[in-house]
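Q: Using numbering that gives the first Met the number 0, the first residue of the sequence shown is number 0, and each one after it goes up by one.
The beta-carbon is built from N, C-alpha and C at its ideal position, and this holds for glycine as well.
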Amino acid sequence: MTDTITKHEKTLSAVIHASTFSKFFIPFGNFILPLVLWTANKKEYAFVDYNGKQALNFQISLLLYSIVLGIISIPFFVGFLPNVFDFDFFGFHQLNSFNLNFDSDDFRFGSWMIPVGIAGLLQGALFVVNIVYTILATIRTNEGQTFEYPITIKFIK
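1) Give me the Cα-Cα distance between R139 and P149, rounded to the nearest whole angstrom.
2) So is A17 buried or exposed if we call it buried at 16+ other beta carbons inside 10 Å?
3) Inspect the beta-carbon positions of Q58 and N40 and report whether they are closer than 9 Å.
4) Taking only beta-carbon atoms, is P33 less than 9 Å away from chain C?
5) Please report the Cβ distance between S60 and I152, rounded to the nearest whole angstrom; I am assuming they are in contact, meaning their Cβ atoms lie under 8 Å.
6) Rounded to whole angstroms, what is the Cα-Cα separation between L63 and I130?
7) Looking only at its own chain, which residues have a Cβ that is under 6 Å from the Cβ of I31, when we skip the five neighbours before and after it?
8) Can you tell me whether F57 is helix, strand or coil according to DSSP?
9) Determine, using beta carbons only, whether V67 and L36 come nearer to each other than 9 Å.
10) What residues in its chain sit with their C-beta under 6 Å from that of D48, if we drop five residues either side in the sequence?
11) Going by Cα to Cα distance, which pick from A54, F27, K9, K6 is closest to I155?
12) Closest to E43 by CA distance: which of H7, F23, F20, I70 is it?
13) Using C-beta distances below 6 Å, list every residue in its chain close to N56, excluding the 5 sequence neighbours before and after it, in chain order.
14) Could you work out which residue in P33, P26, I25 is closest to T133 when comparing CA atoms only?
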């Protein structure tokens, strides 16, 4: 980037990064708002063009990673579903006894919980990475520095 980045370019780039937080209020806002801001200003400002691409590539990458994690965990949930409709699964057949005795042999949430738990932890890690690096990108671009997100696939070049 050039050394003559105007305040307007810095602010606009920071707003593009920060606008990805709109996903908490608007469905797909993390794609729509940065895309609108980027496409409206990418021809005028090289710094805004660079940051718009970075923000969109990062959001698309995180969406792809989340979808892959979800697809990986689906077979474990599907294997669990037939047991949900078995009324003995939750011990409903013993409702009249009022005996709250828990035995580890009766615990039917077997080893299928391990991959689902790992997928859940990875989803949480992606959420934290999204928050932390978006804040860092917003701050750095507002200062006029270039910022490159980690774990990003370059869909838009």
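A: In short:
1) Our two residues, R139 and P149, have alpha carbons roughly 15 Å apart in a direct line.
2) With 16 or more other Cβ atoms within 10 Å, it is buried.
3) In this structure, N40 does not lie closer than 9 Å to Q58 by Cβ.
4) Going by chain labels, chain C is absent from the structure shown, which holds only one protein chain.
5) Confirmed, about 5 Å.
6) Each residue's CA atom was taken as its position, placing L63 and I130 some 17 Å apart.
7) Contacts found: none.
8) For F57, the secondary structure class from DSSP, reduced to helix, strand or coil, is helix.
9) Cβ distance not < 9 Å, so V67 and L36 don't count as in contact.
10) The residues are K41.
11) Distance check between I155 and each of A54, F27, K9, K6 places A54 closest, using alpha-carbon atoms only.
12) When each option's Cα is compared against that of E43, the closest is H7.
13) Within the same chain, Cβ atoms closer than 6 Å to the Cβ of N56 are found at T151, K153, F154, I155, the five residues on either side in sequence being excluded.
14) Taking only the C-alpha atoms, the option nearest T133 is P33.
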